[in-house]
Amino acid sequence: MLQIGTVILQERRRLQITQDTLASYCQVSKASVSKWEKGLSYPDITLLPKIASYFELTVDELLGYERQLSKEVIQHHYYEFASRFGKEPFESVFIDVEEKVKVYFHDPSFLLQMSILLLNHHMLSSDSPSVLQKTNRWLKRIRQVSNDVWVLRQANSLQATVSLMQSNPEATLELLDGVIKPSIGDEILLATAHEQLGDQEEAMRVIQVMMYQNVIQLVGSSPLYLRLSAANRQTFNETIHRMNGLIELYDLRTLHPNMCLQFYFSVAQCAALSANRELLYPYLNKYVDVCVRDLLPFTLRGDEYFDLLDDWLEQLDLGTNALRNTEIIKRSIIESMDADFFEPFRQDDEMHELRRRLHFGMEGRS
């Protein structure tokens, strides 16, 4: 919605001029200025440059139009849409997302976060492939309107993700060509510089952020590694052993329960595919326990060891909240137990009990 009336009123008061003065300058009636300020009508388009110049504004500023949205405004739009996706039909919300993107099609940060929004919710659509195609177009647009290396890097990674979802691994490989390079240790240099400047706390914060991300990435990579090593029993068992050690050592059920869920579910999946009940049920039990006790309400956070993370987490583009509405998360968790690879165990007493406990536990979470 145009904010021109509000801007004209604010600027007129700032300059301490009357409606008559502005009307005379614009060669219109005082009543016309009054209607502009009340939002009952708009100035003729030919007057916009003249009024903007009078107030020493750009035309965009006069219209109340921000070309680049702030991080806080983008967060607001993201979580407003995410909340609606949990309550309304996907298609009706998607139309509003598209309309908002049309308004800010030149804002790479907004395009990036709306792309993330769709990647987290496209499965709710009756036509998921077309949603992914739309997302890919937005990500390509970012390359045209941004010179920010970090934004471009994120957009490239998301495009690679979309390509995988579209069963196009060749495109993913092309986008990520040469991405695996040795770490050059910038965080260590940054922390050392802060230390030499006498800022001990900031040096520790940099190292904590690096350690936190490395631990999360290590555990987060385990589901794929388990699938890849399923035929190698020694490697498979050793991966389980080491990941369990990390989860306990860093208290990840509290620090980042979602990483634990992904690991436990992956072990259960591999166990189901190999008809290994002895491995299946202990890890499904762990999965259900984290779901009903630790996951919700989800928020990124530090702990007693990672006690300097909070400021960094708050500065993330989308803050510390879950990227999906709570109801969608609960629905996804319950549906996870309907996976095809669990079908042979559907009549097991243990499976009945786990499904009952999960349903009951999710109903009481918010």
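For the sequence shown, our numbering begins at 1468 and goes up steadily by one.
By construction, the Cβ of each residue, glycine as well, lies at the ideal position given by its N, Cα and C atoms.
Note down, in chain order, each residue of its chain lying with its Cβ closer than 6 Å to the Cβ of residue i, except the 5 sequence neighbours on either side.
i	result
glutamate 1478	Phe1522
phenylalanine 1557	Leu1591, Ser1592
phenylalanine 1430	Summary: the structure shown does not reach residue 1430, with the chain confined to residues 1468 through 1833, and so no result is reported for it.
Can you have a look at residue i and say buried or exposed, based on whether 16 or more other CB atoms are within 10 angstroms of its CB?
i	result
isoleucine 1562	exposed
glutamate 1637	exposed
glutamate 1504	buried
asparagine 1614	exposed
alanine 1742	exposed
leucine 1664	exposed
tryptophan 1617	exposed
valine 1597	According to the sequence displayed, residue 1597 carries serine and not valine. Classification for serine 1597: exposed.
valine 1612	exposed
leucine 1507	exposed
asparagine 1792	buried
lysine 1797	buried
valine 1480	The amino acid occupying residue 1480 in the given sequence is arginine; valine does not appear at that position. The residue in question, arginine 1480, is exposed, as its Cβ has fewer than 16 Cβ neighbours within 10 Å.
leucine 1482	exposed
proline 1649	exposed
Which class does residue i belong to by DSSP, given the choice of helix, strand or coil?
i	result
asparagine 1743	coil
threonine 1766	strand
asparagine 1704	helix
asparagine 1788	strand
glutamine 1736	helix
threonine 1473	helix
phenylalanine 1812	helix
valine 1495	coil
threonine 1793	helix
phenylalanine 1730	helix
methionine 1677	helix
isoleucine 1484	coil
For the putative contact between residue i and residue j, defined by C-beta atoms under 8 Å, what is the C-beta separation to the nearest angstrom?
i	j	result
leucine 1579	alanine 1549	Not confirmed; about 15 Å, so no contact.
arginine 1608	phenylalanine 1572	7 Å
tyrosine 1754	tyrosine 1772	About 25 Å; that fails the 8 Å criterion.
glycine 1531	threonine 1473	7 Å
In chain order, what residues of the same chain have a beta carbon less than 8 Å from the beta carbon of residue i, not counting five sequence neighbours either side?
i	result
glutamate 1668	Leu1775
serine 1496	Ala1490
arginine 1536	In the sequence as displayed, the identity of residue 1536 is leucine instead of arginine. Closer than 8 Å at the Cβ level, and outside the excluded window around leucine 1536, lie His1544, Tyr1571, Asp1574, Ser1576, Phe1577.
valine 1673	Glu1654, Leu1657, Ala1658, His1661
Taking 7 Å as the limit between beta carbons, can you name the residues of its chain near residue i, skipping five residues before and five after?
i	result
threonine 1525	Ala1519
proline 1724	Val1757, Asp1761, Leu1762
aspartate 1770	Asp1718, Thr1721, Leu1722
tyrosine 1750	Tyr1731, Val1734, Ala1735, Ala1738
Check whether the Cβ of residue i sits closer than 6 Å to any heavy atom of the ligand ZN, and report yes or no.
i	result
aspartate 1816	The ligand ZN is not part of this structure, which contains no ligands at all.
Restricting to runs no shorter than 3 residues, where is the beta strand (DSSP E) found entirely within the region 1499-1572?
none
Within the region 1592-1663, note down every full alpha helix (DSSP H) run reaching 4 residues or more, in order along the chain.
Given a length threshold of 4 residues, each whole run of the alpha helix (DSSP H) inside the region 1592-1663 is given here in chain order: 1595-1612, 1616-1632, 1636-1642, 1653-1663.
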